[in-house]
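Student: For the sequence shown, this note's numbering begins at 301 and goes up steadily by one. We put the beta carbon where it would ideally sit given N, CA and C, even for glycine. Computed from a predicted model, the values in this text were never measured in an experiment. One structure is given below, represented as structure tokens, and several questions about it will come after.
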Amino acid sequence: MSVESLLIEQARLSDLRRELKSEGCDEAAKCTRRALDSINGDAIPHLLMGSSCIEAAYSDYKDAMEECYEFGDSVSFEDVWEEFAPCEHCQNVGSLKRQRMQAGRQLGGVRAAITRAGRRLAKEQTA
Ligand SMILES: [Zn+2]
Numbered sequence: 301m302s303v304e305s306l307l308i309e310q311a312r313l314s315d316l317r318r319e320l321k322s323e324g325c326d327e328a329a330k331c332t333r334r335a336l337d338s339i340n341g342d343a344i345p346h347l348l349m350g351s352s353c354i355e356a357a358y359s360d361y362k363d364a365m366e367e368c369y370e371f372g373d374s375v376s377f378e379d380v381w382e383e384f385a386p387c388e389h390c391q392n393v394g395s396l397k398r399q400r401m402q403a404g405r406q407l408g409g410v411r412a413a414i415t416r417a418g419r420r421l422a423k424e425q426t427a
């Protein structure tokens, strides 16, 4: 891959990651569980709002961990998450996060390739 196409790919992946993050924030804000806990649907400060599915599932996970610890067992967050039946928005948050992590890994690969290309160019200049 040419340095130019690496730079284009880097810009594309950076933008993609930013878009996925902002989509994830939008979805997180739409959590139906959180909305149910809000007071008469009025806009109330974030801190006073109910837990999102993700927060509630995480709290269940911590409880399950403590229980498992007593029995010398183990549990993963994914196990709890699947049993939890999160709302569609929180499921979207999860899938957007996975896509963001994948884009992040690709971005890491592109950056490493740019660094290698930079070293090669530096060598050529001194030669
Ligand atoms: Zn939710």
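Provide the residue span of the alpha helix (DSSP H) that contains CYS353, from first to last.
Tutor: Its alpha helix (DSSP H) spans residues 353 to 371.
Student: When every heavy atom of ligand 1 is checked, does at least one fall within less than 7 Å of the C-beta of CYS390?
Tutor: Result yes, Cβ under 7 Å from ligand 1.
Student: Taking the beta carbon of GLU383 as the centre, do at least 16 other beta carbons fall within 10 Å, making it buried, or is it exposed?
Tutor: Classification of GLU383: exposed, given that the 10 Å Cβ count is below 16.
Student: Please classify LEU307 as buried or exposed, where buried requires at least 16 other C-beta atoms within 10 Å of its C-beta.
Tutor: Exposed, since its Cβ has fewer than 16 Cβ neighbours within 10 Å.
Student: Which same chain residues, not among the five before or five after SER352, have their C-beta less than 7 Å away from its C-beta?
Tutor: Excluding positions up to five away in sequence, the list reads ALA328, CYS331, ARG333, ARG334, CYS390.
Student: In terms of alpha-carbon separation, which member of MET301, CYS368, LEU316 lies closest to LYS397?
Tutor: Ranking MET301, CYS368, LEU316 by Cα distance to LYS397 puts LEU316 first.
Student: Taking only three categories from DSSP, how would you classify MET301?
Tutor: Three-state result, MET301: coil.
Student: Is MET329 helix, strand or coil by DSSP?
Tutor: Note on residue identity: the sequence assigns Ala, not Met, to residue 329. The answer is helix: DSSP assigns ALA329 an H, G or I state.
Student: Drop a sphere of 10 angstroms on the beta-carbon of VAL303, count the other beta-carbons inside from all chains shown, and report buried for 16 or more, exposed for fewer.
Tutor: With fewer than 16 other Cβ atoms within 10 Å, it is exposed.
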